[in-house]
Amino acid sequence: MIDIVISMGLTGAMLAMLGMGLLISYYGSSKTRNVGLFFLVIGIGLAYYITSVDTSTVHFGNAFIAFLGGMLGGIIGIVVFLIAIIKS
Amino acid sequence: MDMNLDIASWYWMDFFVSMLIVGIGVALLATGIFTSYFGAGKSQKIGFALLFVGILDLVVISVFTFDAVEGIESVFDSELFTDALISGVSALSGMVIGMFVILFVLMKVDTVDDLEDLDLEDLEDLDLDEELKKLEEELNQADNSTEEKE
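These protein sequences, in sequence, are chains U and V.
Sequential numbering from 1 applies to the first sequence in the numbering used here.
Sequential numbering from 1001 applies to the second sequence in the numbering used here.
Given below as structure tokens:
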């Protein structure tokens, strides 16, 4: 269980670093852009660790579709809430 | 980490569908609590309906997973469901922690562009009184010219 927590926690952090790094390095000012590139490098480092160094037996595909399913379910739930409020 | 990318061999039902239903339930529960507490009149009623549907959703998925009621066959494997729940929560927690780290670094790092390029000496040399006098003279000249034309 702890393997899943560590591996998927690192995966979540990697996604945040890559996504925010891309945004900041593209839209940031001259100084902020360097910070964005720094986050991108950390994200790539985490991706390398997860894919090559991590020796746990956690199945990435299954764990990732669980995360995707949860996110998608949350979005659908909020859409249902918005429809209910707007239609009322 | 097992990076098997054979999509056909992934447990879509136990990992994806179960978490999809849990995600809908949690979102409806959260929005239902929020709307029923802060809403008034019709909105509050909708909030209670959302809350009820959210609770029902979570109860149904627990019944279909953990054999809570006799006579109802379980649809999801309980161990895989637990793994899926831990995976989803862990990834979400990792994302939140990553975002906090990013915000912390952005706040700590000096992200304002340098003002070295701005030549402040030009501003210091400006005599504002002289500039005002010049402007007044220009305005007076413009007024005089319009009066002469009339």
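The beta carbon of each residue, even a glycine, is placed where N, CA and C say it ideally should be.
Since the structure is predicted, the reported quantities are computational estimates derived from the model, not experimental observations.
Spatial neighbours of arginine 33/U in its own chain (CB-CB distance under 6 Å, excluding positions within 5 residues in sequence) are listed in chain order as Ser25. A check of alpha carbon separations from phenylalanine 60/U across Ile1007/V, Asp1129/V, Asp1143/V and Glu1130/V identifies Ile1007/V as the nearest. Assignment of aspartate 1129/V by DSSP, reduced to helix, strand and coil, places it in the helix class. Residue Ala1084/V holds the alpha-carbon nearest to the alpha-carbon of phenylalanine 1016/V among Ser1009/V, Ala1084/V and Ser1093/V. A Cβ-Cβ separation of about 6 Å places valine 1022/V in contact with glycine 73/U under the 8 Å criterion. Glutamate 1079/V: member of the alpha helix (DSSP H) spanning 1078–1108, first to last residue. Sequence-distant Cβ neighbours of isoleucine 1061/V in its own chain, meaning closer than 8 Å and more than five residues away, are Ser1018, Ile1021, Val1022, Gly1025 and Phe1076. Taking a C-beta distance under 7 Å as the contact criterion, serine 1074/V and phenylalanine 1081/V do not qualify as a contact pair.
In this structure, the alpha-carbon of leucine 1139/V lies about 16 Å from that of leucine 1128/V. In the structure shown, the three-state DSSP call for aspartate 1002/V is strand. Listed in chain order, the alpha helix (DSSP H) elements of length 4 or more contained wholly in the segment 1002–1074 of chain V are 1018–1038 and 1042–1066. Per the C-alpha coordinates, the member of Phe81/U, Val41/U and Phe39/U positioned closest to isoleucine 1046/V is Phe81/U.
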